[in-house]
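Line by line, the protein sequences give chains A and B.
Start counting at 1 in the first sequence, then tack on 12, and there's your number in the working numbering.
Start counting at 1 in the second sequence, then tack on 342, and there's your number in the working numbering.
Below: the structure, in structure tokens.
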Amino acid sequence: MTQESDQTIDRLMAMEPAAVMAGVRSGEISRRDLGKLFGALGMTTALGTLLGEEPARAQSNELTMVIWEGYADPSFAAKFEEENDATINATPMSSSDDAFGRLQAGGGSNFDLVSASNDVSQRLIDAGLVQPIAPSRLTNYDDLYEQFQMPEYITKDGELYGANFAWGPTLMLYNTEEVTEEPTSWRALLDEQYAGKISTWNAPIQIAQYALLLDPTPEDPYVLDEEQLAQVRDLLVQQRPLIRTYWNLGDELKQLYASGEVIISDAWPYVGLGLKEQGVPVAEVIPEEGVTGWSDSWMITSGAQNVDLAYKWMDYMIGPDGQMGVLNNNGYAITNRTVIEGLEPELREALLMDNIEEGYDSILMWRNVPNYDQWLAIWQEVTAG
Amino acid sequence: MASIAAPTSEQTIAAARSERRPGGLWLLLPGPLGWMVFFYLVPLVILLVHAFWSVDYLTIQRTFTLENFRTLLTNDLYLRVLGRTAAMAAVVTLADLCLAFPLAYFLAKRVTKHRELLLLLVIFPLWSSYLIRVFAWKTILGTNGILNSFLLTVGVIDQPATAFLYSKTAMFLTFSQVWLPFMILPLFTVLDRLPNSFIEAASDLGANPWRTFRSVILPLSLPGILAGSLSVFSLTLGDYITPTLLGGPGDQMIGRLVADNFGMSNNWPLGATLVVPILVLVSLFIAVANRFGALGRTAA
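Here is the structure:
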């Protein structure tokens, strides 16, 4: 960070009305509320610094985590907090790379847990930022579908590094009042008729989604050679002037739809679900080129202060309460066989869990990208202009 | 000393002063000095050292290389963003100067009553968080924001304009507003100290108001102008929050690239390298300002 940015943040802290900060510290103003405000602004980095969440902490009943939005929603996390006399302090990540950067900055000791996706999990293991886990300590582990027990993206040298608990696609979302004809292709995000009303997620992994538009279609959108990458870059550069703004957090995207700034974008089910609850007229579609998607696992950081509590959380999240919580709150597919088998058939079908193996395979799942530094460079070049 | 002829009065005062000066004053120094060294100087050096390292997959290679500087100078992305950043900082500084000067002059020379209150109003916006102020602009400039609603009601436009938010205009407006107090205060200080008799003398000698401004007021307020400009320029130069929240695609500034390299791209060496041109620009500005006495007693 620049010296000036540091100064800006210092100044921020100095200017912050003492009452507000005192309120946050004493708990009168919850971090969650403040987090939501800043989350909506896409300013999680600044928030973390403001609240001093980054420094290493001593053992306590406070479980700290870097999560995808909604993964510690009070609707299901409150029960865990009560049962274990614990408090959860969760920081939303805006991308896998954002989470990696946060953990790397603290050497894996500034948070207890991370809800890592399958594009970054291997990187976290390789960098020594997460620790191996003992499945025997998870009472709900045996209920997981076999394919989620030891998936290769959270395994290294025969050791397991996480508990796989949720998965889903990145869909195309649109405002049904403004976009009257149902879009069928990701090309809609490059369509001039929506100029200035389009958004796309600010994450380098999205290169895979746009690679689906190349002709010929790459065999594997996560393995792209230099020429294919250059073609994707051209697509993204062509798209840039049509973009209203790149979205960072799901809550930010919700706001962009609710305030009428954006009418079409890529989005996680979490966003569509929230907007429908708010009464914003939106619909989701799986474009003909297919969808990319993720599979998320709870991982314990290498420097975690509350390992026992972290195990309890992991177990809770692959058990009935956590699984149903994520399903209801985020609209994501889950991994626990017993819980899935108890669901209504329509719900199972809607979330691709009718036949787990088939449903999972219908999504082009994220994975460790071999030449990821090139992906990062291209993404930065495109978004920074 | 006693053998030399009678000391001048100045020497006497100096000697007396040094005798009376409590030696304990030195004890106050280690605190702030240590703070500056350990929390400012050392991190800055560590940062700059990173610029000469490289990153290989996940680990930082601690061997000397100039590769990052080659990237900086040959990749037109960085030069373009740097140019855009410097231009934005310059325009914002100029705008704030034009806005702040009349106000500071008015406060310093015309207002006699409630001066403290008015000064308090100038710094009042600083009492709220910077983020809140930036966010406020978002609600003003949005497609369904206050500005568009107003223009629609008045009938100036019949469709909400999308050009306000997520643009360089939005960044310019926000920067100009949030940094304005940093320009007003030093200008007020120099203008307040400028004796009214100088201005009266100029007019007595036949100078018209413009000539008085050009030959008397402006040169004498130069230290304040430079001090204010230095603040506004460097604050804008390194900022990444406003571009992130209010800038459009293709409007990002260098601070955002630095933040991205330390965060998303996990390339600390390149991030550190991008800091160098910012430091050089600000240092140059400081050197110029110092040359004209902006950092001396006149401005402070």
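The beta-carbon is built from N, C-alpha and C at its ideal position, and this holds for glycine as well.
Contacts with chain B (Cβ-Cβ distance below 7 Å) from the stretch 119-140 of chain A involve 135, 138 and 139, listed in chain order.
In terms of Cβ geometry, residue 280 of chain A and residue 183 of chain A form a close pair [threshold 9 Å]. Note on geometry: alpha-carbon atoms of residue 314 of chain A and residue 320 of chain A lie some 13 Å from one another. Cβ-Cβ distances below 7 Å link residue 224 of chain A to 198, 233, 301 and 302 in the same chain, with the five nearest sequence neighbours on each side left out; the list follows chain order. Each of B:589, B:396 and B:401 was checked against the Cα of residue 138 of chain A, and the nearest Cα belongs to B:401. Counting only residues of its own chain and dropping the five nearest sequence neighbours on each side, residue 396 of chain B has a CB closer than 8 Å to the CB of 402, 403, 405, 407, 409, 410 and 611.
Looking from the CA of residue 275 of chain A, the closest CA among A:323, A:112 and A:200 belongs to A:200. The stretch 413-428 of chain B makes contact with the stretch 589-596 of chain B; the number of CB pairs closer than 8 Å reaches 3 or more. Beta-bridge partners assigned by DSSP to residue 184 of chain A: A:278 and A:297. By the rule that beta-carbons nearer than 9 Å mark a contact, residue 433 of chain B does not touch chain A. For the stretch 211-240 of chain A, the residues whose beta carbon sits under 9 Å from a beta carbon of chain B are, in order, 214, 215 and 216.
Residues of chain B with a Cβ closer than 7 Å to the Cβ of residue 252 of chain A are, in chain order, 591 and 592. With respect to the 9 Å criterion, residue 326 of chain A and residue 338 of chain A are not classified as neighbours on the basis of their beta carbons. The beta carbons of residue 478 of chain B and residue 574 of chain B sit no closer together than 9 Å.
For the pair residue 381 of chain A and residue 132 of chain A, the Cα-to-Cα distance works out to about 9 Å.
Interface with chain A (9 Å Cβ-Cβ cutoff): residue 528 of chain B is excluded. In this structure, the CA atom of residue 299 of chain A is about 16 Å from the CA atom of residue 230 of chain A. Contact between residue 395 of chain A and residue 214 of chain A holds: CB atoms are separated by about 6 Å, below the 8 Å threshold. The Cβ of residue 388 of chain A sits closer than 9 Å to at least one Cβ of chain B. Looking from the CA of residue 473 of chain B, the closest CA among B:454, B:439, B:456 and B:519 belongs to B:519. If you draw a straight line from the Cα of residue 587 of chain B to the Cα of residue 444 of chain B, it is about 31 Å long.
The straight-line gap separating the alpha-carbon atoms of residue 439 of chain B and residue 544 of chain B is approximately 24 Å.
Beyond the five residues adjoining it in sequence on each side, residue 413 of chain B comes within less than 7 Å, by CB distance, of 612 in the same chain, given in chain order. Counting of Cβ neighbours within 10 angstroms places residue 420 of chain B among the buried residues, the total reaching 16 or more. Note on the stretch 210-262 of chain A: whole alpha helix (DSSP H) runs with a minimum of 4 residues are 219-223 and 238-251, in chain order. Looking at the DSSP output, residue 403 of chain B bridges to B:396. Sequence-distant partners of residue 293 of chain A (beyond 5 residues in either direction) whose C-beta falls short of 8 Å from its own C-beta, in its chain, are 187, 188 and 189. Taking a Cβ-Cβ threshold of 8 Å, the residues of chain B close to residue 107 of chain A are 606, in chain order. Counting only the Cα atoms, residue 121 of chain A lies some 11 Å from residue 143 of chain A. Bridge partners of residue 78 of chain A according to DSSP: A:103 and A:126.
Of the other Cβ atoms in all chains shown, fewer than 16 fall within 10 Å of the Cβ of residue 399 of chain B; this residue is therefore exposed. Beyond the five residues adjoining it in sequence on each side, residue 620 of chain B comes within less than 7 Å, by CB distance, of 579, 580 and 596 in the same chain, given in chain order. For secondary structure counted as the alpha helix (DSSP H) over 4 or more consecutive residues, the stretch 554-619 of chain B holds these complete runs in sequence order: 560-580, 583-588 and 596-604. Contact check for residue 551 of chain B and residue 252 of chain A: beta-carbon distance about 49 Å, past the 8 Å limit, so the pair fails to qualify.
Three or more Cβ pairs closer than 8 Å define a contact, and the stretch 532-544 of chain B falls short of that threshold against the stretch 511-518 of chain B.
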